[in-house]
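S.K.: Here's a structure for you.
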Amino acid sequence: MNKPHSLSLKTSLPFPAACVLAFLLPWLVKLLFGLPWLMLQNFTDGVFYLGYAMHFRELLDRVGLTYYAVRFSGIAPDALAFSVFGAEVGFVVVRYALAGACCVALFVLFSLRYRMAVGWFAALAWAFNP
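If you want this note's numbering, it's the 1-based position in the sequence shown plus 1314.
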(Lines of atoms letter the chains of each structure in order from A and count residues from 1; the text may use other names and numbers.)
(Lines give C-alpha, C1' and ligand atoms only; values in the text may rest on other atoms or scores of the structure.)
Protein backbone atom coordinates (compact mmCIF):
# COMPACT_ATOMS: atom_id res chain seq x y z
CA MET A 1 0.00 0.00 0.00
CA ASN A 2 1.32 3.42 -0.91
CA LYS A 3 2.16 5.80 1.88
CA PRO A 4 0.63 9.28 1.45
CA HIS A 5 3.15 11.89 0.41
CA SER A 6 3.72 14.86 2.63
CA LEU A 7 3.69 18.23 0.97
CA SER A 8 7.13 19.57 0.36
CA LEU A 9 7.93 23.10 1.40
CA LYS A 10 10.47 23.33 -1.46
CA THR A 11 7.83 24.36 -3.99
CA SER A 12 7.96 27.85 -5.37
CA LEU A 13 4.33 28.50 -4.39
CA PRO A 14 3.38 28.24 -0.69
CA PHE A 15 0.61 25.74 -0.04
CA PRO A 16 -1.97 28.32 1.21
CA ALA A 17 -1.34 30.42 -1.92
CA ALA A 18 -1.73 27.29 -4.05
CA CYS A 19 -5.11 26.66 -2.39
CA VAL A 20 -6.21 30.21 -3.23
CA LEU A 21 -5.11 29.70 -6.83
CA ALA A 22 -6.97 26.37 -6.95
CA PHE A 23 -10.10 28.17 -5.69
CA LEU A 24 -9.81 30.69 -8.52
CA LEU A 25 -9.27 28.07 -11.25
CA PRO A 26 -12.91 27.90 -12.47
CA TRP A 27 -13.01 31.69 -12.75
CA LEU A 28 -9.65 31.75 -14.56
CA VAL A 29 -10.78 29.05 -16.99
CA LYS A 30 -13.93 31.08 -17.69
CA LEU A 31 -11.88 34.21 -18.40
CA LEU A 32 -9.18 32.50 -20.47
CA PHE A 33 -11.61 30.66 -22.74
CA GLY A 34 -14.39 33.25 -22.86
CA LEU A 35 -17.03 30.91 -21.47
CA PRO A 36 -20.45 32.37 -20.66
CA TRP A 37 -21.19 33.07 -16.99
CA LEU A 38 -24.44 31.11 -17.09
CA MET A 39 -24.80 27.81 -18.89
CA LEU A 40 -28.21 26.26 -18.29
CA GLN A 41 -28.63 24.29 -21.51
CA ASN A 42 -29.48 20.61 -21.03
CA PHE A 43 -29.97 21.11 -17.31
CA THR A 44 -33.72 21.08 -16.77
CA ASP A 45 -33.49 20.46 -13.02
CA GLY A 46 -31.13 23.39 -12.63
CA VAL A 47 -33.72 25.69 -14.19
CA PHE A 48 -36.43 24.40 -11.85
CA TYR A 49 -34.21 24.92 -8.81
CA LEU A 50 -33.29 28.38 -10.07
CA GLY A 51 -37.00 29.19 -10.15
CA TYR A 52 -37.49 27.74 -6.67
CA ALA A 53 -34.65 29.89 -5.33
CA MET A 54 -35.91 33.04 -7.03
CA HIS A 55 -39.37 32.54 -5.49
CA PHE A 56 -38.36 30.86 -2.24
CA ARG A 57 -40.99 32.53 -0.02
CA GLU A 58 -43.77 31.67 -2.48
CA LEU A 59 -42.53 28.07 -2.60
CA LEU A 60 -42.77 27.80 1.18
CA ASP A 61 -46.20 29.41 1.22
CA ARG A 62 -47.58 27.05 -1.43
CA VAL A 63 -46.16 23.67 -0.41
CA GLY A 64 -44.77 24.19 3.08
CA LEU A 65 -41.70 22.49 4.46
CA THR A 66 -42.64 18.87 3.94
CA TYR A 67 -41.88 18.23 0.27
CA TYR A 68 -39.04 20.63 -0.39
CA ALA A 69 -37.25 20.31 2.96
CA VAL A 70 -34.85 17.72 1.52
CA ARG A 71 -34.05 20.12 -1.31
CA PHE A 72 -33.17 23.13 0.86
CA SER A 73 -29.46 22.37 0.66
CA GLY A 74 -29.71 23.04 -3.06
CA ILE A 75 -32.22 25.87 -2.93
CA ALA A 76 -31.22 27.88 0.17
CA PRO A 77 -27.68 28.92 -0.95
CA ASP A 78 -29.10 30.27 -4.20
CA ALA A 79 -31.96 32.04 -2.42
CA LEU A 80 -29.52 33.66 0.02
CA ALA A 81 -27.15 34.72 -2.77
CA PHE A 82 -30.07 36.10 -4.81
CA SER A 83 -31.24 38.19 -1.87
CA VAL A 84 -27.70 39.57 -1.32
CA PHE A 85 -26.37 39.96 -4.88
CA GLY A 86 -29.43 39.77 -7.13
CA ALA A 87 -30.49 36.87 -9.33
CA GLU A 88 -27.81 36.85 -12.03
CA VAL A 89 -24.80 37.79 -9.91
CA GLY A 90 -25.98 35.58 -7.04
CA PHE A 91 -26.23 32.58 -9.34
CA VAL A 92 -22.69 33.16 -10.59
CA VAL A 93 -21.32 33.70 -7.06
CA VAL A 94 -22.78 30.44 -5.77
CA ARG A 95 -21.74 28.39 -8.80
CA TYR A 96 -18.16 29.66 -8.87
CA ALA A 97 -17.81 29.42 -5.07
CA LEU A 98 -18.92 25.77 -5.17
CA ALA A 99 -16.70 24.99 -8.16
CA GLY A 100 -13.75 26.71 -6.45
CA ALA A 101 -14.36 24.81 -3.21
CA CYS A 102 -14.38 21.52 -5.16
CA CYS A 103 -11.11 22.49 -6.87
CA VAL A 104 -9.50 23.21 -3.49
CA ALA A 105 -10.75 19.93 -2.02
CA LEU A 106 -9.46 17.92 -4.99
CA PHE A 107 -6.15 19.79 -4.99
CA VAL A 108 -5.56 19.21 -1.28
CA LEU A 109 -6.64 15.56 -1.25
CA PHE A 110 -4.68 14.53 -4.33
CA SER A 111 -1.64 16.58 -3.31
CA LEU A 112 -1.57 14.94 0.11
CA ARG A 113 -2.19 11.44 -1.22
CA TYR A 114 0.06 11.56 -4.27
CA ARG A 115 1.95 14.74 -5.12
CA MET A 116 1.20 18.35 -5.95
CA ALA A 117 1.24 17.82 -9.73
CA VAL A 118 -1.56 15.26 -9.40
CA GLY A 119 -3.47 17.72 -7.21
CA TRP A 120 -3.18 20.38 -9.91
CA PHE A 121 -4.35 17.93 -12.56
CA ALA A 122 -7.43 16.97 -10.48
CA ALA A 123 -8.29 20.62 -9.79
CA LEU A 124 -7.88 21.56 -13.46
CA ALA A 125 -10.02 18.63 -14.57
CA TRP A 126 -12.80 19.87 -12.28
CA ALA A 127 -12.33 23.51 -13.36
CA PHE A 128 -13.08 22.53 -16.97
CA ASN A 129 -16.30 20.79 -15.90
CA PRO A 130 -19.28 22.78 -17.19
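Ideal Cβ positions, reconstructed from N, Cα and C, are used throughout, including at glycine.
Keeping to the same chain, check which residues put their C-beta closer than 6 Å to that of residue 1414; ignore five residues upstream and five downstream.
M.R.: Same-chain partners within the cutoff: 1337 and 1340.
S.K.: Does DSSP put residue 1287 in a helix, in a strand, or in coil?
M.R.: Past the boundaries of the shown model lies residue 1287; the chain is included only from 1315 to 1444, so the question cannot be answered.
S.K.: If you reduce the DSSP assignment to three classes, tell me which class residue 1328 lands in.
M.R.: Correct three-state label for residue 1328: coil.
S.K.: Let me make sure I understand the geometry here. Which of 1377, 1375, 1361 and 1399 has the alpha-carbon closest to that of residue 1388?
M.R.: Nearest of 1377, 1375, 1361 and 1399 to residue 1388, Cα basis: 1361.
S.K.: By the 10 Å Cβ neighbour count, where 16 or more other Cβ atoms means buried, how is residue 1390 classified, buried or exposed?
M.R.: Label assigned to residue 1390: exposed.
S.K.: Could you check how far apart the C-beta atoms of residue 1333 and residue 1424 are, in whole angstroms? I think they sit under 8 Å.
M.R.: Contact doesn't hold; Cβ gap of about 13 Å is too wide.
S.K.: Out of 1372, 1363 and 1328, state which residue places its alpha-carbon closest to the alpha-carbon of residue 1409.
M.R.: Taking only the C-alpha atoms, the option nearest residue 1409 is 1363.
S.K.: Given this structure, state the Cα-to-Cα distance separating residue 1366 from residue 1380, to the nearest angstrom.
M.R.: So the two alpha carbons sit approximately 15 Å from each other.
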